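Just below is one structure, and these are the notes that go with it.
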Amino acid sequence: MYDTIVIGAGQAGISIGYYLKQSDQKFIILDKSHEVGETWKDRYDSLVLFTSRMYSSLPGMHLEGEKHGFPTKNEIVAYLKKYVKKFEIPIQLRTEVISVLKIKNYFLIKTNREEYQTKNLVIATGPFHTPSIPSISKDLADHINQLHSSQYKNSKQLAYGNVLVVGGGNSGAQIAVELSKERVTYLACSNKLVYFPLMIGKRSIFWWFDKLGVLHASHTSIVGKFIQKKGDPVFGHELKHAIKQKEIILKKRVIAAKQNEIIFKDSSTLEVNNIIWATGFRNPLCWINIKGVLDQEGRIIHHRGVSPVEGLYFIGLPWQHKRGSALLQGVGNDAEYIVKQMNGE
Numbered sequence: 044m045y046d047t048i049v050i051g052a053g054q055a056g057i058s059i060g061y062y063l064k065q066s067d068q069k070f071i072i073l074d075k076s077h078e079v080g081e082t083w084k085d086r087y088d089s090l091v092l093f094t095s096r097m098y099s100s101l102p103g104m105h106l107e108g109e110k111h112g113f114p115t116k117n118e119i120v121a122y123l124k125k126y127v128k129k130f131e132i133p134i135q136l137r138t139e140v141i142s143v144l145k146i147k148n149y150f151l152i153k154t155n156r157e158e159y160q161t162k163n164l165v166i167a168t169g170p171f172h173t174p175s176i177p178s179i180s181k182d183l184a185d186h187i188n189q190l191h192s193s194q195y196k197n198s199k200q201l202a203y204g205n206v207l208v209v210g211g212g213n214s215g216a217q218i219a220v221e222l223s224k225e226r227v228t229y230l231a232c233s234n235k236l237v238y239f240p241l242m243i244g245k246r247s248i249f250w251w252f253d254k255l256g257v258l259h260a261s262h263t264s265i266v267g268k269f270i271q272k273k274g275d276p277v278f279g280h281e282l283k284h285a286i287k288q289k290e291i292i293l294k295k296r297v298i299a300a301k302q303n304e305i306i307f308k309d310s311s312t313l314e315v316n317n318i319i320w321a322t323g324f325r326n327p328l329c330w331i332n333i334k335g336v337l338d339q340e341g342r343i344i345h346h347r348g349v350s351p352v353e354g355l356y357f358i359g360l361p362w363q364h365k366r367g368s369a370l371l372q373g374v375g376n377d378a379e380y381i382v383k384q385m386n387g388e
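Numbering of the sequence shown is given in my numbering, commencing with residue 44 and proceeding in unit increments.
Given below as structure tokens:
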């Protein structure tokens, strides 16, 4: 019987592990990946974080390098591995959770390897695992090359011809800019693009967010509610410049698809050869067979990661408490809070 089991060895699970080590609990982190940092490693080759190194660290260990510079995905992979080794965080890889049950005062976790029992359970699978792809993707002809942004590595995966990137977030922006250098590139967005600079006066914009209190605004505060309503901006001006130079052609929201044709909100159409769905992720929890975990809409019920189900906790959710809850920058604060709640502090 474990005191605590954590499901997920990404930045959220590792942060929980850091604080559990200090609380003298018997715990283990389970993850289906083959190595620490695998989710980051599998992202597209040119991925660069929009948070500077100064705001891309977990508790207890700074990310090395120029603090106002922006780390690559490979830096993050190396950092996470070094972090786990330094703090001797117990992780069992290649362990996929099949089901979770609550039996009286403990949880029973069935995996592809064995069964585990634990008094406390932390779900740290995060929001960046299961691709969310619109159902209209099934209406396209089989010969249309389709990838989710999480599957995209580089342009070698694409077929000959144009490419449509669907989704105006930061991943979609980076991928569109990269591909526009070698082929006709379209970008479809649901909302008007809002751009923020990466740097202001030789400092990362997140330094200014920190000083102005934006990073520390909770999801229930006036500032927090405003940011959630507006959505995330595109950081940097590369996309804006590429659109202005007509290197990227901006399109309205995608509403339908038929064979090799995409239909947009303004009724315009486009014949496509390749589509990259930069449409985000969903967080399915079909393996948790416990009443009271989700509401009628399928959303996780929690207050700052604490579930109404006794002994159950979540970490790494978007806006779990603050803007950075799902990012490297903010997950440590949530981890500390959850372990304190677990210990009755």
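Cβ coordinates follow ideal geometry from the N, Cα and C atoms, glycine included. It should be emphasised that the depicted structure is a prediction, and the values quoted were computed from it without experimental measurement.
Bridge pairing for E157: absent [DSSP].
Under the three-state reduction of DSSP, W362 is assigned to coil, being neither helix nor strand. Comparing alpha carbon positions, the residue from I48, S89, L360, I132 closest to K116 is S89. If only uninterrupted alpha helix (DSSP H) runs of at least 4 residues are considered, none is enclosed by the stretch 100-128. Cβ neighbours of A321 within its own chain (closer than 7 Å, five residues either side excluded): S192, V208, V209, G210, G212, S214, G215, I218.
Between the stretch 307-321 and the stretch 239-258 there are fewer than three inter-stretch CB-CB distances shorter than 8 Å, so the stretches are not counted as touching.
In the pairwise beta carbon analysis, the stretch 94-101 is classified as touching the stretch 368-378: at least three pairs are separated by under 8 Å.
The beta carbons of R325 and S142 sit no closer together than 8 Å. Looking at the backbone, the Cα of F357 and that of A167 are separated by about 6 Å. About 6 Å separates the beta carbons of I57 and Y126, which is inside the 8 Å limit, making them a contact pair. If you draw a straight line from the Cα of W330 to the Cα of L164, it comes to about 14 Å.
Measuring C-alpha to C-alpha distances from P351 to each of Q384, N376, D377, K365 identifies Q384 as the nearest. Taking 8 Å as the upper bound for CB-CB distance, N316 and A202 are in contact here, some 6 Å apart. Each of G348, T173, S66, G256 was checked against the Cα of W362, and the nearest Cα belongs to G348. Runs of beta strand (DSSP E) with 3 or more residues, each lying fully within the stretch 166-196, are found at 188-191, listed in chain order. Judged by their CB atoms, A378 and I59 are nearer to each other than the 8 Å cut-off. Minimum Cα-Cα distance from D67 among the listed residues Y45, A55, S76, L183 corresponds to Y45.
In the three-state reduction of the DSSP assignment, E304 falls in the strand class, which pools E and B. In the structure shown, F249 adopts helical secondary structure according to DSSP, grouped into three states.
Excluding five sequence positions before and after L258, the CB atoms of its chain that fall closer than 8 Å to its own CB belong to Y98, F249, F252, K365, R366, G367, Q372, G373, given in chain order. Using a 10 angstroms sphere on the CB of G387, the tally of other CB atoms stays under 16, which defines it as exposed. Here D74 is buried. Its C-beta has 16 or more other C-beta atoms within 10 Å. DSSP places Q217 within a helical segment (H, G or I) once states are collapsed to three.
For M44, the secondary structure class from DSSP, reduced to helix, strand or coil, is coil. In the three-state scheme derived from DSSP, where H, G and I count as helix and E and B as strand, T322 is classed as coil. Residue pairing by DSSP places E314 opposite E304 in a beta bridge. When beta bridges are read from the DSSP output, I72 appears opposite V49, I134.
Assigned with DSSP and collapsed to three states, Y62 falls in helix. DSSP places K383 in the uninterrupted alpha helix (DSSP H) bounded by 371-385. Here L101 is buried: its Cβ has 16 or more other Cβ atoms, across all protein chains shown, within 10 Å.
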